[in-house]
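Q: Quick one: the structure is below, and I'll ask about it shortly.
In this note's numbering, the protein residues as written are 32 to 230.
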């Protein structure tokens with residue numbers, strides 16, 4: 032019994048340390064990209080470099096853990112959007128939200144663009160789940176006449192990555208999401224005469 036009690040705080044401490052490291056890494060990657068050294072993340076998290084290495088042996092494994100959080104949240108958001116009866120606005124709201132996050136989260140843009148080392152099988156499965164949900168969102172929006180029908184999911188994903196890049200290069204504080212919306216306008220049916228607006 033005493034041995035179990037002694038182990039419990041250690042497990043709790045390890046869990047808190049891991050969460051602190053992840054939170055710090057998420058903030059660091061978001062503002063500075065993947066180039067932040069592990070030792071610097073350890074310093075900002077207030078833990079030793081050895082503690083970081085025990086949880087995440089390489090910077091790539093830490094980056095992947097952050098990407099997993101993003102992919103999981105994006106997949107949940109995409110599936111929630113699939114429940115919306117208004118397929119067109121649901122699709123565009125989802126992609127605009129992705130690009131708006133990229134304004135402040137460089138790691139998200141890098142992950143979507145495929146930066147960094149090859150991800151593990153579990154992460155790749157999460158990415159596949161997101162692509163599947165995205166393709167379904169696109170198909171529903173096309174069926175509703177809100178998106179041009181001569182693009183497929185791969186085209187749309189490339190356009191979203193382009194919008195992510197454009198938004199990061201030409202951020203407009205007065206009109207957040209404006210540049211991304213301009214890029215995404217190319218998904219609208221020809222002659223629709225309506226432009227997207229950042230929500």
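Think of the CB as a built atom: it goes at the ideal place given N, C-alpha and C, for glycine as much as any other residue.
Are the CB atoms of residue 85 and residue 55 within a distance shorter than 8 Å?
A: No, the Cβ-Cβ distance between residue 55 and residue 85 is not below 8 Å.
Q: Could you tell me whether the Cβ atoms of residue 111 and residue 171 are closer together than 8 Å?
A: For residue 111 and residue 171, no; Cβs fall outside 8 Å.
Q: If you reduce the DSSP assignment to three classes, tell me which class residue 219 lands in.
A: Coil.
Q: List the endpoints of the continuous alpha helix (DSSP H) containing residue 55.
A: First-last of the alpha helix (DSSP H) with residue 55: 33–63.
Q: Can you confirm whether the region 160–168 touches the region 88–108 when touching is taken to mean that 3 or more C-beta pairs between the two stretches lie within less than 8 Å?
A: The answer is yes - the region 160–168 touches the region 88–108, with three or more Cβ pairs under 8 Å.
Q: Do three or more CB pairs link the region 79–98 to the region 177–184 at distances below 8 Å?
A: No contact exists between the region 79–98 and the region 177–184.
Q: Please check the pair residue 214 and residue 194, which I expect to be a contact at CB under 8 Å, by giving their CB distance rounded to whole angstroms.
A: With a Cβ gap of about 4 Å, residue 214 and residue 194 count as contacting.
Q: Using the three-state DSSP reduction, which class does residue 114 fall into: helix, strand or coil?
A: DSSP places residue 114 in coil when its eight states are reduced to three.
Q: Excluding sequence positions up to five away, which residues of its chain have a Cβ less than 6 Å from the Cβ of residue 220?
A: Excluding positions up to five away in sequence, the list reads 179.
Q: Please report how far the alpha carbon of residue 217 lies from the alpha carbon of residue 177, in whole angstroms.
A: Taking the straight line joining both Cα atoms gives about 12 Å.
Q: Run through DSSP, which three-state label would residue 67 get?
A: Three-state result, residue 67: coil.
Q: Looking at the structure shown, is residue 85 part of a helix, part of a strand, or coil, going by DSSP?
A: Residue 85: helix per DSSP, three-state reduction.
Q: Is it right to say residue 212 is buried, meaning 16 or more other beta carbons lie within 10 angstroms of its own, or is it exposed?
A: Counting Cβ neighbours within 10 Å, residue 212 comes out buried, since at least 16 surround it.
Q: Does the Cβ of residue 173 have 16 or more other Cβ atoms within 10 Å, making it buried, or fewer, making it exposed?
A: When all chains shown are included, residue 173 counts as buried.
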